[in-house]
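Novice: Residue numbers (the UniProt record's numbering), protein chains in the order written: chain A, 1 to 324; chain B, 1 to 501; chain C, 1 to 172.
The beta-carbon is built from N, C-alpha and C at its ideal position, and this holds for glycine as well.
Only a predicted model underlies this, so the values are computations on that prediction, with no experimental measurement involved.
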Amino acid sequence: MSRFRTATIGLTAAAAAAVLLTGCVDRAGADTAPDAFPTGDITFYTPTQAGGATDLTARTLATALESELGVSVIVDNRPGGAGSVGMEHVAGQAADGHTIAVLPVEVAMLGHLDYDTDPADYDFLAQVNSQPGTIAVPADSPYETLGDLVAAAEAAPGTITISNAGAGSIWEAGALELGSAAGVEFQGVPFDGGAPAVTAAVGGQVDAVVAGIGETAPAHEDGRLRVLAVFTEEPAPALDGVPTATEQGFDVVIGSWAVVAAPVGLDAAVRSTLEDALQVAAESAAYIEFIESSGNIPLFLGAEETTAFVSAEHERFGTLLAGR
Amino acid sequence: MSDVIAGVGALLDPTVLLCLIIGTLLGTLVGAVPGITATMAVALATGFTLTLEPIQGLAVLLSIYVAAQFGDRVPAILVNTPGTPASIATTFDGFPLAKAGRAGVALTSSALVSAVGSLASILILVFLAQPIARIALSFGPIELFALVVFGMTMMVGVSNGRIAKGLAAGAVGLLLGAVGRDPITGDHRFTFGLPELTSGLPFIAVIIGVFGLAEIFNQIIEARRGGTASPIEQLGRWWPDRAERRTLVKPTAIGTGIGAVVGVVPAAGGDIAGIIAWDQARRASQHPERFGKGSLEGLAAPDSASTATMGGSVTTTLALGVPGDSVMAVMLGSMIVWGLQPGPSLFVENPDLVFSISGIMIVATLAALGLALVRMQGVVKLLKLPLNALAVVIITFCMVGTYAVQNSVFDVIVMLVFGIVGLGMKRWGFPAGPLVLGLILGPLAESNLRRGLLIDGPFAAFQSPIAASLIALSVFALIAPAVLRTLKRRSKPRADAAAPR
Amino acid sequence: MTAMVEERTVQATEVNDLEQAPDQPAQSTRLREILIGAGVVAVGATVLLLAQQLPAEAANSEFGSRWWPSLIGGAITLLGLAVAIVGALRPPVRDCEEPGATGIWQLLAILGLIVVYGIAWRFAHFLVVTPLLVLGIMTLLGGRGWRSLVLVPVVVTGALYGVFGLLLRVPL
């Protein structure tokens, strides 16, 4: 008897939770003509864990894509190997438009870091956001400007420590880029992800941190860190009053970004359907609000511009990472 | 005071209660399923809770976080498989207790001490959040390295008398932890060209393999022809009697204290706290010889410790904006999107939030405790299944649970391989605890040491008072037992049965 | 790597021979313990060898990607010697029962079934292949009657699909 009761309670709970979690997504919109794209559910891969920034980007876009395309868009996380596992999985899928993926900046980097990832394996559909890089120092640091920090590194090469999100991460590349632009040598300290790297700077264990604006802006706001420069062309809205590196005489523009891609060989009509749907999704209020709330910059670039952008970045990381 | 009223008052909304109940049920469920960790459940739920109001969303996420700590004890005790890494140390004494026919008392005691640990640590959160959080920030790489070294000394205790084999298993664990990209240079090590291995061996798959699958494989091998008897014949009493309750007090106090401290340290969570607490309780116990063979004390210490890390982790997260453990790292992301920026300013701008969060955690603890006590008698019926059905349930749930962590078949293969490795270890007399300890602590030790060396040079460990004292403590922990034993042997010359195990 | 595997297999067969010796139920033998220790030494030596093929340390620091694996490899080698010596001096009591021949075959057959299942899953839906796997394992382990061969496969598959497929939305 009690076994039966337990089972009933369990099932009811499961059902209730499933209903709540599924929410009110409208699944009834698949009334398109049989030969038109899409003909079935779309799998939207992310090469990262559930819950991270890239995953949430995919999930927010997926909701908008569902109503736009009239089919279910199912987010599928394939993390591992710094994203290479998921990226290689996507590259091996059929190029029928029912497989798309959010790819982070690593797609242009991993090929230079002993992985088999190659941007040529994908048809890029859109760039959907950019996450500017920043450099920040502990609140009680003696360095008030980027010039101060560079001067200190000039005086004693290799002693100024800069934490970053990990070996081969975009923020390690950011610190390298700054070092080469300023002609000085910093001591990079790779951590296991952005959060611990920022923590090390807040705790004063390192002299500075290079991290995404979403990670440093909140700490700058409440005075735990001081952001010295933003690595963008224009000053970033999330950090009012903080100058760019270029304004301070160091030509460094680097950041993370996310693009949406499909396996290479997409039909032109399918590609433009997806591109249009992505434009609507990336310009939806929910998506813009989500990206802005984490301090990043929502944007939409079409397929052609994105392809050119990714290949330019790929080339640039090739020279930058060769110098590690 | 008005903050308290505002904070707790926010919880009176019936939708908050509904979210709490759903979170508690989900948390208990995912906790009990091997593979799915609290981190993963919270991460999956994040996609949905972001659409809710902050308080409702926090109610779901925090109650998953709390309840998973109760659910994961059940498979750890009953089938030697930790539901989440936080209950690794639960298996050390929980499973022997169950095999000895005391599963009932073990489950009830575990739930009770877990609740005590959780409630005590939440009180710490309420009263001491800011001063404690400041300590956390002084834990840089070199201090973390020293803490990890201290954790590694537990390999001796966890070896259970078989020191040479235990340390060998621990060293192999360290080796397994070294698989993947070098944490500093990014070079690929022992990956044999497999991209899956560059992010390291999936340690949840390894844990499930060496603990859970190895146990069931061993039972299949040992089963006599036609014998399909369940390994656990009886469950015994449910409630601990007066004498048993008394033995729970001291290890629970030790566990709660250790858990509260470890919880505050960024990035150190319930798994490490549980193992440290188990070893410390063993040292403090009057019956250390029973540890690892079915000691209630050895169950109470790690269980209270791993729940007690929750208060500390939340404290660090809220007061510093620095994730206290992996679940908090995920939750931090949600809070930022909700516009609740954790950090010192949170206490100025949203003082009531601390009380709302504590309130949610207290209610979730009580709900999870209630659920644990009510539901267990039903869940435990599982064990009345004959061996073949039990084996099927364990093998399939471990397989699908491991797959679900990263949607990866590779992880399932790793789990099966380590099921066989674990079987070999069991048959050749190697304890599994040190292997897993090495796998978890190895990467932390290497990466933090090397970071420390990059930052402060070769004498880093001696320049930090925290690091230096932790290392001194580690040396003491290794030497003291040997010295004490010698002293005891001198004062008591009668050859006490140093039972060769 | 192959050397290690070979070492392991040699060791495994010999140990199995010993395990079938009926007159030594509780105490492990010296030979067995020394072989186990030798196996550990072989692992350690292999690691030391493999570690030397890792990229060399950068010029400016002595702690590159090589030293930690080398340290571990050395430790494993030494501990393997310790295992052999301790085992030779005082063979420990074994806390496992003797394996039955049927049990070993059953385990191998189950592992084989799981491999077949993994392959079949690429072509057929989870809900189709899983009941067959459960049915196979149940049959292997001596399950008979409709409860074991129908009810268990259906209930287990349903529970797995409910928890993972529906509730956690894992793509199965």
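#1: Under a CB-based cut-off of 8 Å, is ILE72 (chain C) close to chain B?
#2: Can you check DSSP and say which residues form a bridge with PRO298 (chain A)?
#3: May I ask which residues mark the beginning and end of the beta strand (DSSP E) holding ILE74 (chain A)?
#4: Return the first residue and the last residue of the alpha helix (DSSP H) that residue 325 (chain A) is part of.
#5: Tell me where the beta strand (DSSP E) around ILE162 (chain A) begins and ends.
#6: Give a yes or no on whether the minimum CB-CB distance between ARG226 (chain A) and chain B is below 8 Å.
#7: Evaluate the contact criterion for the region 133-142 of chain B versus the region 319-336 of chain B: three or more CB pairs, one atom per stretch, below 8 Å.
#8: Note the first and the last residue of the continuous beta strand (DSSP E) segment covering ILE100 (chain A).
#9: Say whether chain C places a C-beta atom closer than 8 Å to the C-beta of LEU175 (chain B).
#10: What residue range is occupied by the uninterrupted alpha helix (DSSP H) comprising LEU439 (chain B)?
#11: Please report whether the beta-carbon of LEU341 (chain B) lies at a distance below 8 Å from any beta-carbon of chain A.
#12: So what does LEU44 (chain B) bridge to, in DSSP terms?
#13: In angstroms with no decimal places, state the Cα-to-Cα distance between VAL310 (chain A) and VAL128 (chain A).
#14: Hey, quick one: how far does the beta strand (DSSP E) through TRP257 (chain A) stretch, first residue to last?
#15: List the residues of chain A whose Cβ lies closer than 7 Å to the Cβ of ASN350 (chain B), in chain order.
#16: From the DSSP secondary-structure annotation, give me the bridge partner or partners of VAL189 (chain A).
#17: Skipping 5 residues on each side, what residues in its chain have a beta carbon closer than 7 Å to that of ASP182 (chain B)?
#18: Excluding the five sequence neighbours on either side, which residues of its own chain have a C-beta within less than 7 Å of the C-beta of SER464 (chain B), listed in chain order?
#19: Are the C-beta of LEU17 (chain B) and some C-beta of chain A separated by less than 8 Å?
#20: Can the beta-carbon of LEU435 (chain B) be found less than 8 Å from the beta-carbon of ALA169 (chain B)?
#21: Per the DSSP calculation, ALA208 (chain A) is bridged to which residue(s)?
#22: My understanding is that SER334 (chain B) touches GLY57 (chain B), with C-beta atoms under 8 Å, so please give their C-beta distance in whole angstroms.
#23: In the DSSP assignment, the beta strand (DSSP E) including VAL227 (chain A) goes from what residue to what residue?
#24: So, is the C-beta of ILE114 (chain C) closer than 8 Å to a C-beta in chain B?
#25: Taking the alpha carbon of ALA94 (chain A) as the point to measure from, which residue in A:SER141, A:VAL264 and A:GLY193 has its own alpha carbon closest?
#26: Where GLY23 (chain A) and VAL30 (chain B) are concerned, what is the direct C-alpha to C-alpha distance, given to the nearest angstrom?
#27: Identify the continuous beta strand (DSSP E) that holds THR46 (chain A) and give its terminal residues.
#28: Which of helix, strand or coil does DSSP assign to residue 579 (chain B)?
#29: Between which two residues does the alpha helix (DSSP H) carrying HIS220 (chain A) extend?
#30: Near PRO54 (chain B), what residues of its chain come up, given a Cβ to Cβ distance below 7 Å and the 5 sequence neighbours on each side ignored?
#31: State the DSSP-derived secondary structure class of ASP182 (chain B), mapped to helix, strand or coil.
#32: Please list the partners that LEU416 (chain B) has in chain C, where partner means a Cβ-to-Cβ separation under 8 Å.
#33: In terms of DSSP beta bridges, what is PRO69 (chain C) paired with?
#34: Output the distance between the C-alpha atoms of LEU146 (chain A) and ALA245 (chain A), rounded to the nearest integer angstrom.
#35: Measuring CB to CB, does GLY117 (chain B) end up less than 8 Å from ALA305 (chain B)?
#36: Alpha carbon to alpha carbon, how far is SER313 (chain B) from VAL265 (chain B)?
Specialist: According to the data block:
#1: yes
#2: A:ASN129
#3: 73-77
#4: Nothing in the structure corresponds to residue 325 (chain A), since chain A is present only between 1 and 324.
#5: 161-164
#6: no
#7: yes
#8: 99-104
#9: yes
#10: 433-456
#11: Here the sequence assigns Gln to residue 341 (chain B), which means Leu is not the residue at that position. For GLN341 (chain B), the answer is yes, since a Cβ of chain A falls inside 8 Å of its Cβ.
#12: None, per the DSSP bridge assignment.
#13: 13 Å
#14: 255-263
#15: In chain order: nothing, as chain A lies at least about 12 Å away.
#16: A:SER163
#17: ARG189
#18: ILE142 and GLU143
#19: no
#20: yes
#21: A:ILE162
#22: 7 Å
#23: 225-230
#24: yes
#25: A:VAL264
#26: Confidence at GLY23 (chain A) is low in this model, with a pLDDT of 37, below 50, so its placement is unreliable and no value can be given for it.
#27: 42-46
#28: The structure shown has nothing for residue 579 (chain B), since chain B only spans 1 to 501.
#29: 213-221
#30: TRP338 and LEU340
#31: coil
#32: LEU111 and ILE114
#33: Looking at the DSSP assignment, PRO69 (chain C) forms no beta bridge with any residue, so it has no partner.
#34: 7 Å
#35: yes
#36: 8 Å
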